[in-house]
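Below: the structure, in structure tokens.
There are 2 protein chains.
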Amino acid sequence: MSKAYNVMAATCPSRTVLHRIGARWTVFVVNALAAGPMRFTELKAHIRGITPKALTETLRAMEYDGLVSRTDHGGNPPHVEYALTPLGDSLLVPLRAVREWAETHVPAIESARAARSTPGT
Amino acid sequence: MSKAYNVMAATCPSRTVLHRIGARWTVFVVNALAAGPMRFTELKAHIRGITPKALTETLRAMEYDGLVSRTDHGGNPPHVEYALTPLGDSLLVPLRAVREWAETHVPAIESARAARSTPGT
DNA sequence: CAGTATCCACCTCGATACTG
DNA sequence: CAGTATCGAGGTGGATACTG
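And the structure:
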């Protein structure tokens, strides 16, 4: 009975998934971590543009959902590593579908926008 | 040259796609319209819970992106029909991938959350 | 019927600065 | 290094009421 969930249910918890994927940084973190475990600062450098606050929040949310794991190696200086869990890794599949759709159809979307924007020019 | 776009580019326009999919109501509209053209009020009744304002905004954004078409049959009372464009229709593909991932993995996510929430009990 | 107009409560995100 | 603390701007979404 793996179909007990229905994204269309409105009150359905699976709705949160859309929210995660639609979130500003989730997709970047997933992609960055797809290459392997990374430390906070590495992630920050890799994504570039993200603030520590946003990174922390994104990581926390993803960790909360079991998408990433956080491993504190302790010591001083601190050493913490983030990695994709198998669950987070599986997210790459639908993400790829979306990505492919985007890369394929964005030109069409931009055309639509341009057609609508054509001012007087 | 269909791979000129890269979702990871950060400044990439394809990023807007994620935003659309992640948007509160887009997915509902797409699914509702997947069954065929519909009028404003039908849509509103079908989705239920959405306010006219939100519906209008969602529809506008989607129309702007060429995902839905708006046909005003004029007259009084007004008669306007919304329909998925071929582009909007193609969105159903990645949407299905996300949906399936969600429906499959939400239990895992909820488990992760529960595991983390276990207070002292 | 098909919206529009307001007003508002959030909530996310960014910038900056500081700490164990 | 790995965050946390603060503050503020901005945008999204909701409720309600009104109009051509």
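Residue numbers (full-length UniProt numbering), protein chains in the order written: chain G, 1 to 121; chain D, 1 to 121. Where is the CB? At the ideal position from N, CA and C, for every residue including glycine.
- Within the UniProt domain "HTH hxlR-type" (12-110) of chain G, the runs of beta strand (DSSP E) that reach at least 3 residues and sit entirely inside it are, in chain order, 68-72 and 80-84.
- Ala23 (chain G) and Leu91 (chain G) have their alpha carbons spaced roughly 14 Å apart.
- A Cβ-Cβ separation of about 15 Å leaves Gly36 (chain G) out of contact with Leu67 (chain G) under the 8 Å criterion.
- In this structure, Pro94 (chain D) sits near Trp101 (chain G), with a CB-CB distance shorter than 7 Å.
- Burial state of Asp72 (chain D) is exposed, judged by a 10 Å Cβ sphere holding fewer than 16 other Cβ atoms.
- Within chain G, the residues whose beta carbon sits less than 8 Å from that of Trp101 (chain D) are Val17, Ser90, Leu91, Val93 and Pro94, listed in sequence order.
- Taking a Cβ-Cβ threshold of 9 Å, the residues of chain G close to Leu87 (chain D) are His105, Ala108, Ile109 and Ala112, in chain order.
- By a beta-carbon distance limit of 8 Å, Asp65 (chain G) contacts Ile109 (chain D). Their separation comes to about 5 Å.
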